[in-house]
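Protein sequences appear in the order of chains A and B.
So the first sequence is numbered by the working numbering: it starts at -16 and just counts up by one.
So the second sequence is numbered by the working numbering: it starts at 5 and just counts up by one.
Just so you know, even glycine gets a beta-carbon here, dropped at the ideal spot from N, CA and C.
Fair warning: this is a prediction, and the values are worked out from it, not measured in the lab.
For reference, the structure is listed below as structure tokens.
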Amino acid sequence: MNKKLSPGRRAYTAGMKALMYASTAAIGALVLFLIGYVLYRGIPNITWKFLTTVPSILNDTIGIWPDILNSIYVVIATIIIVLPLGVCAAIYLSEYASNKKLVSIIEYAAETLSGIPSIIYGLVGMLFFCEFLKMQTSLMAGALTLVIMNLPTVMRTTQESLKTVPQSYREGAFGLGAGKWRVIRTVVLPGCVDGVISGCILSVGRILGESAALLFTAGIAHAVNGFFMGLKSSGATLTVALYIYAKERGEFGVAFAIAAILMLLTLIINLSAEAVARSFKKKRQI
Amino acid sequence: MEANEKSILSVKELCLWYGNHQALKNINIDIPKNSITALIGPSGCGKSTFLKTLDRMNDLIPDVKITGSVEYKGEDIFAPGVDVSELRRQIGMVFQKPNPFPMSIYDNIAYGPRTHGIRNRAKLDDIVEKSLRGAAIWDEVKDRLRKNALGLSGGQQQRLCIARALAVEPDVLLMDEPTSALDPISTSKIEELAMQLKEQYTIVIVTHNMQQAVRISDNTAFFLLGELVEYGKTEEMFSQPTDKRTEDYITGRFG
Chain A
-16 MNKKLSPGRR AYTAGMKALM YASTAAIGAL VLFLIGYVLY RGIPNITWKF LTTVPSILND
44 TIGIWPDILN SIYVVIATII IVLPLGVCAA IYLSEYASNK KLVSIIEYAA ETLSGIPSII
104 YGLVGMLFFC EFLKMQTSLM AGALTLVIMN LPTVMRTTQE SLKTVPQSYR EGAFGLGAGK
164 WRVIRTVVLP GCVDGVISGC ILSVGRILGE SAALLFTAGI AHAVNGFFMG LKSSGATLTV
224 ALYIYAKERG EFGVAFAIAA ILMLLTLIIN LSAEAVARSF KKKRQI
Chain B
5 MEANEKSILS VKELCLWYGN HQALKNINID IPKNSITALI GPSGCGKSTF LKTLDRMNDL
65 IPDVKITGSV EYKGEDIFAP GVDVSELRRQ IGMVFQKPNP FPMSIYDNIA YGPRTHGIRN
125 RAKLDDIVEK SLRGAAIWDE VKDRLRKNAL GLSGGQQQRL CIARALAVEP DVLLMDEPTS
185 ALDPISTSKI EELAMQLKEQ YTIVIVTHNM QQAVRISDNT AFFLLGELVE YGKTEEMFSQ
245 PTDKRTEDYI TGRFG
């Protein structure tokens, strides 16, 4: 056991170690560079006025207040719809469905759905929600399109976390005479809250970052509206606004400013969702 | 042992299949009231499967086929229209690994009564104290009823699970190797508890530990390959087994 490693073996180990360090360093540097560059280009352009006004052609000023609101509206509307839908579907598939074949078909379909490019969702959303259901180009049509897009994510993460709830909890509850729904409500669901929340985080990230699907369905207007009025009318989210300012008006300073804000927003949402998950977990641990 | 008024569970010609595999073969057994019946036998002999059949926990497993009958207080538990929830209230189960719910000690005990519709606070307080006393764990936890049950030691958790089962006032307690995951001190506490409990309850316990069967049980049933080989008074069975296979097993020639 005490035999020293041969030189070749030692060089190999050292080489592999160096390779791993280098990969880690490369990834770290890339991420830092990206964040740093966006912040460096973006932050100087962020002013109070930029954040809180609407764009004006007369004054030739740009403000992103309506886009911030639109983003928030779309996130809220999408999550409110997709969360109960996805969680219920996951519960059905994992806890109730007895036809294993059907379950695996649905799971496979969901898996496939989550791999489809978002522009296709946009196209379908435009034809179905905007045209067929006569919703016009509106934030609601955009939100519904995003619901379809995020349903598989929420469903799959919930399903995964349902699997982590120990079978012994279910047995214990059934053994006391509890019915199926009571077992799910009192023992299974509380155990998978963190999975549901991580599904939410992933979805919010995708919603904030989505542009192609929303360009088709939600439009590009920059008007300030209340929540319900906003959902009925056309409006650009931050990401769509970023695209428009950069691509159609060449305002790269504005685009980078929006990018910086998006990054901060994502960070804040993720941190708060994690805090919620932690507080849920804490209650259930010692 | 012939069936008499004193037997609470009476099993006749019970067979059970998991898919194509027959796990129980023609089991006939009468379990007397207010006694401890030990089920022994090597792994995979069907004793746990048999235990789970008694409160229909096998219903949870797909592809299980059961023939024959299990009569609880004279009524077939597989008859259509049997209230499984009520059956499981009357026939409680303690599992091999302690499985308290990840909630407070109080809520763990109150889970069963709440399931069966008891909401009254004072009544629940009463049940919780009575059950914890019944499982000889009240003194250890009375000051931390609101703390999470997962913070208890393994032995305490198992007694908590027994208390949780007692809280719904069952008549029968099924125990599936309740001490196999516990240290010797916790094990002896559970054994003592079982012997106290038999005054009020009927206990059926699966055990791998033959000393345990000798120490606590009144009757012993020896299972092998899905068959009930021998069933009788524990003392007699361990001193003069009638079947060669029983003798081989209890003298440690296989198992």
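Local Cβ density within 10 Å of residue i, reported as buried at 16 or more and exposed below that
| i | result |
| --- | --- |
| L85 of chain A | exposed |
| K10 of chain B | exposed |
| H25 of chain B | exposed |
| V211 of chain A | For clarity, residue 211 of chain A is Phe in the given sequence; the question names Val instead. By the 10 Å Cβ count, F211 of chain A comes out exposed. |
| G125 of chain A | buried |
| Y23 of chain A | exposed |
| E234 of chain B | buried |
| F112 of chain A | buried |
| A1 of chain A | exposed |
| M(-1) of chain A | exposed |
| N8 of chain B | Note that N8 of chain B has pLDDT 49, beneath the 50 cutoff, so the model's placement of it is unreliable and no number is given. |
| I269 of chain A | Only weak support exists for where I269 of chain A lies, its pLDDT of 44 falling under 50; the coordinates are left without a value. |
| E154 of chain A | buried |
| M5 of chain B | Because the pLDDT at M5 of chain B is just 45, under 50, the model does not fix this residue reliably, and the point stays unresolved. |
| R168 of chain B | buried |
Selection from the options that minimises the alpha carbon distance to residue i
| i | options | result |
| --- | --- | --- |
| V14 of chain A | A:N208, A:M246 and A:L145 | A:M246 |
| D67 of chain B | A:L127, A:I167 and A:N82 | A:N82 |
| I184 of chain A | A:L66, A:S(-11), A:A5 and A:V21 | A:L66 |
| R189 of chain A | A:L34, A:I241 and A:S54 | A:S54 |
| K51 of chain B | B:A198, B:K134 and B:I33 | B:I33 |
| E240 of chain B | B:T250, B:S89 and B:Y205 | B:T250 |
| S47 of chain B | B:N223, B:E181 and B:Y110 | B:E181 |
| L248 of chain A | A:S(-11), A:I45, A:A(-3) and A:D50 | A:D50 |
| R139 of chain A | A:L254, A:V70 and A:Y56 | A:V70 |
| V21 of chain A | A:V237, A:N253 and A:V259 | A:V237 |
| E17 of chain B | B:P117, B:G230 and B:Q244 | B:G230 |
| A83 of chain B | B:R137, B:T206, B:S73 and B:I254 | B:S73 |
| P188 of chain B | B:Q215, B:N62 and B:D147 | B:Q215 |
| L64 of chain B | B:S89, B:E144 and B:L201 | B:S89 |
| L225 of chain A | A:A73, A:I244, A:T30 and A:L(-12) | A:I244 |
| D59 of chain B | B:N38, B:D87 and B:S39 | B:D87 |
Unbroken alpha helix (DSSP H) run spanning residue i, endpoints
| i | result |
| --- | --- |
| E94 of chain A | K83 to L96 |
| M3 of chain A | P(-10) to G25 |
| G182 of chain A | V176 to G192 |
| L43 of chain B | Where L43 of chain B is concerned, there is no enclosing alpha helix (DSSP H), although the beta strand (DSSP E) it sits in stretches over I40 to I44. |
| M132 of chain A | L122 to T147 |
| V107 of chain A | S101 to G108 |
| I109 of chain B | I109 to T119 |
| I220 of chain B | M214 to I220 |
Host beta strand (DSSP E) of residue i (start-end)
| i | result |
| --- | --- |
| K69 of chain B | V68 to Y76 |
| A201 of chain A | Unbroken run through A201 of chain A: none, as it is neither H nor E. |
| D187 of chain B | Note, D187 of chain B: premise wrong, no beta strand (DSSP E); not H, not E. |
| M179 of chain B | V176 to D180 |
| F115 of chain A | No beta strand (DSSP E) contains F115 of chain A, which DSSP labels as neither H nor E. |
| F227 of chain B | N223 to L228 |
| I207 of chain B | T206 to V210 |
Beta bridge counterpart(s) of residue i as assigned by DSSP
| i | result |
| --- | --- |
| V15 of chain B | B:I33 and B:V74 |
| V233 of chain B | Answer is none; V233 of chain B lacks a bridge partner. |
| N42 of chain A | BP columns for N42 of chain A are empty, so no partner. |
| Q26 of chain B | B:W21 |
| M97 of chain B | B:L178 |
| D80 of chain B | B:E75 |
For residue j and residue i, believed in contact at Cβ under 8 Å, the rounded distance
| i | j | result |
| --- | --- | --- |
| K193 of chain B | R163 of chain B | 7 Å |
| V170 of chain A | F105 of chain B | 6 Å |
| Y152 of chain A | N103 of chain B | 6 Å |
Heavy atom of the ligand HEM within 6 Å of residue i beta-carbon
| i | result |
| --- | --- |
| G202 of chain A | Questions concerning the ligand HEM fall outside what the structure shown contains, since it holds no ligand whatsoever. |
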